[in-house]
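Novice: Just passing along the structure, written as structure tokens.
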């Protein structure tokens, strides 16, 4: 990428979008390598413990709509 080729010519040769080459060039300048960045990570479960217990009980109480259940969860501070 540093041999004088343009971003567009590199993209055309690889049949990819110029924005992809631009991002690679930026990553190379910032990190010195083209290795992947961190992917994923630990996600905290919203429906565990007491919240999961409540949801199980709610499902057994009777029918509900998805929209209604979302509203009930929101009342309890659970973002869906």
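In our numbering, the protein residues as written are 2 to 81. Note that beta-carbon positions come from the ideal geometry of N, C-alpha and C, so glycine has one too.
1) Residue 56 and residue 48: beta carbons closer than 9 Å?
2) What's the C-alpha gap between residue 51 and residue 79?
3) Suppose the cutoff is 6 Å on Cβ atoms and the five residues either side in sequence are ignored; what does the same chain contact list for residue 8 look like?
4) Following the continuous alpha helix (DSSP H) through residue 22, name the residue where it begins and the one where it ends.
5) What is the DSSP secondary structure of residue 67, reduced to helix, strand or coil?
6) Quick check on residue 79: does DSSP put it in helix, strand or coil?
Specialist: In short, the structure shows the following:
1) It is a contact, given that the beta carbons lie within the stated cut-off.
2) Rounded to whole angstroms, residue 51 to residue 79 spans 12 Å at the Cα level.
3) Excluding positions up to five away in sequence, the list reads 19, 22 and 23.
4) From DSSP, the alpha helix (DSSP H) with residue 22 extends over 19-32.
5) Looking at residue 67 - three-state DSSP - the assignment turns out to be helix.
6) Residue 79: coil per DSSP, three-state reduction.
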